[in-house]
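Numbering (full-length UniProt numbering), first residue to last: 1 to 405.
Encoded structure:
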């Protein structure tokens, strides 16, 4: 019931060797889980920090071997969780895997952080090979059109073009949903290169109203680490799950510990601006004034702005503004808590080992005896989980309408 870490070849996903990480912190999310008036969903990310290794922990015998084993970008680190049901030599369940980033070496140790694959996709651009600057007068006129597809199919096609279709771009990702039919269209002009980062393209897909969750989820395939591209559908933007985990909390104990609840007021108007300049700039106002008007005790008006200079279509800008408004139009609360991945039932079965739940999935929280929340069972989506080298897992759930207001 512990973490196991491995050095991995980034391009192939091949496990190269175990490595001892004495101290680290980690975080995996499916969405922006901060509670703020600019709440937007975004795309699932993972990160690991605080990786400081003594050279004695690096399984290599020469300067050249050490440098090759920990080469930034070419090598990754995978963190896997093992449970009592695993054999002693089991690799474990991959929870996250990221590229070795900037590395700082000293005479006694080396210090580096990890970059997620999503972070790497921030350095990949959605443009076809051989077309950029290749038109008359060194211009770029090529357009990538996606039509009659689901949103997750568009995200998968964009991801595939930014990886498999580029020289040296291949990554161990299984691109599901490519070609899935739907009613959505997107157009990407090669001249607009500054707005064509793959990560930005994904963010804009995820953040439209009812946009799907998008996540790269690691898995073990033989002796390699691969990633499933998983996403919600047009009909249900949440990622499909097999079971719903139930956690409990009361003054007498439970599987969810140290609960806190954050509260925030509502935003009633979103002023959105799109492409164009000055008086020709595309604009849209999304509003819901039901909380500031009416016979109930009113809320004071709160407004915000939203900008996407790449939005040249009025309908798309409206979708984005409506999505931001939908996330903020009511007073919100957000539940946070902790669980221990080593907790076991009376017969020794692990209750909630890492790998049995993921950000984006719904959990049922049976909360009793909390001072500012009525007793009851609350269905909440897990937005982020994080921790360190121990079995403690910090959970942040999706902001939801505050039932006590």
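Using N, Cα and C, we set each Cβ at its ideal position, and we do this for glycine too.
Rank the options by C-alpha distance to the C-alpha of residue i and give the top, closest one.
i           : options               : result
residue 203 : 390, 253, 122 and 135 : 122
residue 311 : 176, 76 and 196       : 196
residue 170 : 177, 178, 160 and 176 : 160
residue 141 : 320, 16 and 188       : 188
residue 9   : 200, 235 and 75       : 75
residue 221 : 395, 91, 17 and 388   : 91
residue 24  : 315, 402, 126 and 390 : 390
residue 357 : 246, 15 and 145       : 246
residue 4   : 388, 394 and 180      : 388
residue 70  : 28, 20, 405 and 399   : 20
residue 314 : 178, 273, 375 and 354 : 273
residue 217 : 210, 226 and 250      : 226
residue 129 : 162, 119 and 353      : 162
residue 238 : 259, 258 and 215      : 215
residue 27  : 404, 184 and 384      : 384
residue 73  : 17, 11 and 132        : 11
residue 236 : 279, 29, 146 and 151  : 151
residue 103 : 96, 114 and 95        : 114
residue 127 : 297, 191, 68 and 168  : 191
residue 360 : 293, 244 and 316      : 244
residue 186 : 266, 201, 118 and 335 : 201
residue 149 : 233, 372, 57 and 2    : 233
With DSSP as the reference, label residue i as helix, strand or coil.
i           : result
residue 132 : coil
residue 63  : helix
residue 81  : strand
residue 178 : coil
residue 315 : helix
residue 243 : coil
residue 161 : helix
residue 166 : coil
residue 200 : helix
residue 267 : coil
residue 91  : coil
residue 11  : coil
residue 224 : strand
residue 148 : strand
residue 121 : helix
residue 16  : strand
residue 37  : Residue confidence is low: residue 37 scores 33 on pLDDT, short of 50, so the model does not pin down where it sits. Its coordinate-derived value is still stated next. Reduced to three states, the DSSP call for residue 37 is coil.
residue 250 : strand
residue 28  : strand
residue 329 : coil
residue 322 : helix
residue 262 : strand
residue 288 : coil
residue 105 : strand
residue 399 : coil
Which partner residues of residue i appear in the DSSP bridge assignment?
i           : result
residue 394 : 338 and 386
residue 99  : 76 and 115
residue 273 : 283 and 307
residue 363 : 245 and 380
residue 257 : 338
residue 3   : 81
residue 216 : 229
residue 404 : None; residue 404 has no bridge partner.
residue 53  : 110
residue 143 : 189
residue 352 : Answer by DSSP bridge pairing: none, since residue 352 is not bridged.
residue 173 : 227
residue 184 : 149
I'd like to confirm something about residue i: is its beta-carbon nearer than 7 angstroms to some heavy atom of the ligand NAP, or not?
i          : result
residue 56 : Questions concerning the ligand NAP fall outside what the structure shown contains, since it holds no ligand whatsoever.
Since residue i and residue j are thought to touch, with beta carbons under 8 angstroms apart, how far apart are those beta carbons, to the nearest angstrom?
i           : j           : result
residue 276 : residue 285 : About 16 angstroms; that fails the 8 angstroms criterion.
residue 362 : residue 241 : 7 angstroms
residue 395 : residue 355 : With 8 angstroms as the limit, residue 395 and residue 355 do not qualify as a contact, their Cβ atoms being about 15 angstroms apart.
residue 406 : residue 268 : The displayed coordinates of the chain run from 1 to 405. Any statement about residue 406 would go beyond what the structure contains.
residue 158 : residue 176 : Incorrect: roughly 14 angstroms between the Cβ atoms, too far for contact.
residue 319 : residue 208 : 4 angstroms
residue 251 : residue 376 : Contact doesn't hold; Cβ gap of about 15 angstroms is too wide.
residue 206 : residue 179 : Actually they do not touch by this definition, with Cβ atoms about 20 angstroms apart.
residue 80  : residue 100 : Contact flag wrong, Cβ pair sits at about 17 angstroms.
residue 339 : residue 270 : Contact flag wrong, Cβ pair sits at about 36 angstroms.
Taking CB distances under 8 angstroms as the criterion, tell me whether residue i reaches chain D.
i           : result
residue 154 : Protein chain content of the structure displayed is limited to a single chain, and chain D is not contained in it.
* With a cut-off of 8 angstroms, do at least 3 Cβ pairs link the stretch 73-89 to the stretch 129-136? -> Touching, no, given that fewer than three Cβ pairs across the two stretches are closer than 8 angstroms.
* To do: Flag this pair as touching only if the stretch 51-65 and the stretch 320-331 have three or more C-beta atom pairs under 8 angstroms; answer yes or no.
  => The stretch 51-65, when compared against the stretch 320-331, does not touch it at the 8 angstroms Cβ threshold.
* Would the stretch 51-59 and the stretch 108-118 be scored as touching if the rule is three or more Cβ pairs under 8 angstroms? -> As far as the Cβ criterion goes, the stretch 51-59 touches the stretch 108-118, which means the pair count is three or higher.
* Asked: Is the stretch 396-405 touching the stretch 326-333, taking contact as three or more C-beta pairs under 8 angstroms?
  -> With the cut-off at 8 angstroms, the stretch 396-405 and the stretch 326-333 touch.
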